[in-house]
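Protein sequence lines correspond, in order, to chains A and B. Each residue of the first sequence is one higher than the one before, starting from 1 at the first, in our numbering. Each residue of the second sequence is one higher than the one before, starting from 205 at the first, in our numbering. C-beta: ideal position from N, C-alpha, C; glycine also.
2 protein chains.
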Amino acid sequence: MTMTSDPSPRPHVLLLDDDHDVLGANARFLRLNNLDVTVADNPERALQLIKDSAFDLVITDLRMPDMSGLQFATALRETQPLLPILFLSAYAVITDVVSAMRLGAADFLEKPVEPDILIERVTHILAPHQRAAALQRVAFDAADQTAPFKNRVHAYERYLIEHALVRFDGRVSDVLNALQINRRTLNDKMTKLGISRHSLKAQD
Amino acid sequence: MTMTSDPSPRPHVLLLDDDHDVLGANARFLRLNNLDVTVADNPERALQLIKDSAFDLVITDLRMPDMSGLQFATALRETQPLLPILFLSAYAVITDVVSAMRLGAADFLEKPVEPDILIERVTHILAPHQRAAALQRVAFDAADQTAPFKNRVHAYERYLIEHALVRFDGRVSDVLNALQINRRTLNDKMTKLGISRHSLKAQD
DNA sequence: CCGAAATAGGCAATTTTTTGCCGAAAATCA
DNA sequence: TGATTTTCGGCAAAAAATTGCCTATTTCGG
């Protein structure tokens, strides 16, 4: 799991809304904030676009004519169980929010949304440690139910350590402090689990 | 299935609300529906009760004087990453619902809640297959990023064991086989982590 | 009710993990 | 470059976890 020389370009965001005014305004604003934005004004089109290229985030309205945002998200989840989804809605009721979160929504905002708030939430969702949290769900939830207990615990320990190393850019001392673990113990675990701090440092 | 001489066949529910009228009314109604209900009128008391005995569900108000329902749930999740939580709130805003779901809430209902709806949701949450699904969704990653390494690993171990127990309806022998773990080790871990197989068996 | 099977706790031997201390190697900085 | 900080492995004592054996209790099916 080496993060070699990934140029890490701009995050690719898919924006879905049936209202062209909202669509244009939000797209413009997100682009101003250095995001690569693709727009769709209906769910079918959005699903098609997702099939064709990779996105880092999907932002969708909840109320749309053909298909609700929840139906769209359900369809999306069939092929993309991890892709972060941010819901926007003008007249959200509690049950919609509950349903959206159960589908694994990254966040849920009320329209009209303040541009500053939108950018703040989007940035948060796209932040490395947030993505790592999403990865964690696959890694351990969906993971191999047949693996022995010990292996699964070791996999989780590996995740925790790698995650902390990424978070602190490979600085062991910070990891020690964050995880509240003995230095010697951490070193031993890293050796045993085959973790190298060098391969987890940022490169730019 | 077997309703013979089970010492505690009825699900044990903890009801937390600072309003004594609401507390009494809901408790009475839940008891009429064959649930074993314990009440608390403040979060500290609730946390103490949970430390002392095993519950199958916690129902809590969101707005309370000393500590919000979200703070309460956060504290609860430190020791009980899997215990289903049902939130009730009169003036819920979207962000509260999002936060609650992120803490692994089983459901979120608006006050005043129709007794029939309440019972329907509670029954649904307590259904074995629902609990299994909740285990997969919430799990351990609700634990905060600042918790010590050891605590997080323990939370994960707890998750694995509780998940397996639910999956096999409390049959330890099947859990041993699935997790490929020594029987003695499993028993010790369950004791140390405070896991009871009885509270994870199916019941109706 | 009885007998068989499953479950769980006490105990002690064994194994593994954790920890502190030492010094060496590597990275960082002035 | 040289000084300082950070990282890391060897070693051994201490602590904790794992395991097997034995037995008590509970559960289950007649």
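Legend entry - Status (buried if at least 16 other CB within 10 Å, exposed otherwise) for GLY194(A): Locating residue 194(A) in the first sequence gives position 194, where the first residue counts as 1. By the 10 Å Cβ count, GLY194(A) comes out exposed.
Inset, instruction - Kindly confirm or deny that the region 230 to 238 of chain B and the region 250 to 259 of chain B touch, where touching means at least three C-beta pairs closer than 8 Å. - result: With a cut-off of 8 Å, the region 250 to 259 of chain B and the region 230 to 238 of chain B do not count as touching, because too few Cβ pairs lie within range.
Inset, instruction - Let me know the secondary structure DSSP gives PHE372(B) once reduced to three states. - result: For this step, residue 372(B) is matched to residue 168 along the second sequence. DSSP, reduced to helix, strand and coil, places PHE372(B) outside both helices and strands of the structure shown, so it counts as coil.
Inset, instruction - Within 10 angstroms of the Cβ of PRO7(A), are there 16 or more other Cβ atoms? Answer buried if so, exposed if not. - result: What you label residue 7(A) is simply residue 7 of the first sequence in a count that begins at 1. Residue placement at PRO7(A) is flagged as unreliable, the pLDDT there being 36, under the threshold of 50; a coordinate-derived value is accordingly withheld.
Inset, instruction - List the DSSP bridge partners of PHE108(A). - result: Within the first sequence, residue 108(A) is the residue found at index 108, counting from 1. Residue pairing for PHE108(A): DSSP places it in a beta bridge opposite PHE87(A).
Inset, instruction - Could you run through the region 51 to 75 of chain A and flag, in chain order, every residue whose CB is less than 9 Å away from some CB of chain B? - result: Cβ proximity to chain B below 9 Å picks out nothing from the region 51 to 75 of chain A.
Inset, instruction - Could you tell me which chain B residues have their CB closer than 7 Å to the CB of GLU110(A), listed as they occur along the chain? - result: Walking along the first sequence from the start, residue 110(A) turns up at place 110. Within chain B, the residues near GLU110(A) are ILE298.
Inset, instruction - For VAL241(B), write down the residues that DSSP places opposite it in a beta bridge. - result: Mapped onto the second sequence, residue 241(B) falls at position 37. According to DSSP, which records beta bridges pairwise, VAL241(B) is partnered with VAL217(B).
Legend entry - Buried versus exposed call for ARG152(A) [16 or more other C-beta atoms within 10 Å across all chains shown]: As a first step, residue 152(A) is located in the first sequence; it is residue number 152 there, counting from the start. Classification for ARG152(A): buried.
Inset, instruction - Please name the residue in PHE372(B), HIS358(B), LEU290(B) whose C-alpha comes closest to that of LEU322(B). - result: Locating residue 322(B) in the second sequence gives position 118, where the first residue counts as 1. Nearest neighbour of LEU322(B) by Cα position, chosen from PHE372(B), HIS358(B), LEU290(B), turns out to be LEU290(B).
Legend entry - Test: MET190(A) CB closer than 8 Å to a CB of chain B: In the first sequence, the residue the question calls residue 190(A) occupies position 190. By the rule that beta-carbons nearer than 8 Å mark a contact, MET190(A) does not touch chain B.
Legend entry - Residue(s) in a DSSP beta bridge with ASP61(A): Counting from one through the first sequence, the residue named residue 61(A) turns up at place 61. BP columns for ASP61(A) point to LEU88(A).
Legend entry - Chain-ordered neighbours of ILE218(B) on chain A, where CB pairs are closer than 8 Å: Mapped onto the second sequence, residue 218(B) falls at position 14. Going by the sequence as given, residue 218(B) is Leu instead of Ile. Within chain A, no residue comes near LEU218(B); the closest Cβ sits about 21 Å away, beyond 8 Å.
Inset, instruction - Can you grab the Cα-Cα spacing for the pair ALA25(A) / ARG214(B), in whole Å? - result: What you label residue 25(A) is simply residue 25 of the first sequence in a count that begins at 1. What you label residue 214(B) is simply residue 10 of the second sequence in a count that begins at 1. Computed Cα separation, rounded: 55 Å.
Legend entry - Separation of ASP222(B) from VAL317(B), as counted between CA atoms: Along the second sequence, read from residue 1 onward, the residue named residue 317(B) stands at position 113. Along the second sequence, read from residue 1 onward, the residue named residue 222(B) stands at position 18. Whole-angstrom Cα-Cα distance: 16 Å.
Legend entry - Contact with chain B by GLU157(A), beta-carbon distance below 8 Å: Working through the first sequence from its first residue, we reach residue 157(A) at position 157. With 8 Å as the cut-off, GLU157(A) counts as an interface residue toward chain B.
Inset, instruction - Pull up the CB-CB distance for VAL39(A) and LEU23(A), whole angstroms please, since I reckon it's below 8 Å. - result: What you label residue 39(A) is simply residue 39 of the first sequence in a count that begins at 1. What you label residue 23(A) is simply residue 23 of the first sequence in a count that begins at 1. About 5 Å separates the two Cβ atoms, so the contact holds.
Legend entry - Local Cβ density within 10 Å of HIS328(B), reported as buried at 16 or more and exposed below that: Taking the second sequence and counting its residues from 1, one reaches residue 328(B) at position 124. The residue is exposed, with fewer than 16 neighbouring Cβ atoms inside 10 Å.
Legend entry - Reduced DSSP category for ASP18(A) - H, G, I as helix; E, B as strand; rest coil: In the first sequence, residue 18(A) corresponds to position 18, counting from 1. If DSSP states are grouped into helix, strand and coil, ASP18(A) belongs with coil.
Legend entry - Selection from ASP116(A), ASN42(A), SER53(A) that minimises the alpha carbon distance to ASP66(A): Locating residue 66(A) in the first sequence gives position 66, where the first residue counts as 1. The shortest C-alpha separation from ASP66(A) is found at ASN42(A).
Inset, instruction - Output the distance between the C-alpha atoms of ARG63(A) and GLU110(A), rounded to the nearest integer angstrom. - result: Taking the first sequence and counting its residues from 1, one reaches residue 63(A) at position 63. Taking the first sequence and counting its residues from 1, one reaches residue 110(A) at position 110. Rounded to the nearest whole angstrom, the CA to CA distance from ARG63(A) to GLU110(A) is 12 Å.
Inset, instruction - Would you list, in chain order, the members of the region 146 to 172 of chain A that have their beta-carbon closer than 7 Å to a beta-carbon of chain B? - result: Within the region 146 to 172 of chain A, the residues whose Cβ lies closer than 7 Å to some Cβ of chain B are PRO148, PHE149, ARG152, VAL153, TYR156, GLU157, LEU160, listed in chain order.
Inset, instruction - Report the three-state DSSP secondary structure of VAL138(A) (helix, strand or coil). - result: Here residue 138(A) refers to the residue found at position 138 of the first sequence. For VAL138(A), the predicted structure reports a pLDDT of 44, less than 50, and the residue's modelled location is therefore unreliable. The matter cannot be settled from this model.
Inset, instruction - With DSSP collapsed to three states, give me the class of VAL252(B). - result: Residue numbering aside, residue 252(B) sits at position 48 when the second sequence is read from its first letter. Correcting the residue type first, residue 252(B) is Gln in the shown sequence and not Val. DSSP, read as helix, strand or coil, puts GLN252(B) in helix.
Inset, instruction - Decide if VAL297(B) is buried, meaning its Cβ has at least 16 other Cβ atoms within 10 Å, or exposed. - result: As a first step, residue 297(B) must be located in the second sequence, where it is residue number 93. Under this definition VAL297(B) is an exposed residue.
Legend entry - Option in VAL172(A), ARG171(A), LYS51(A) with minimal Cα separation from ALA75(A): For the purposes of this step, residue 75(A) is identified with residue 75 of the first sequence, where counting begins at 1. For ALA75(A), the closest C-alpha among the options VAL172(A), ARG171(A), LYS51(A) is that of LYS51(A).
Legend entry - Same chain, Cβ closer than 6 Å to ILE263(B), neighbours up to 5 away in sequence not counted: As a position in the second sequence, residue 263(B) is number 59, starting the count at 1. Cβ neighbours of ILE263(B) beyond the five flanking positions: LEU219, LEU290.
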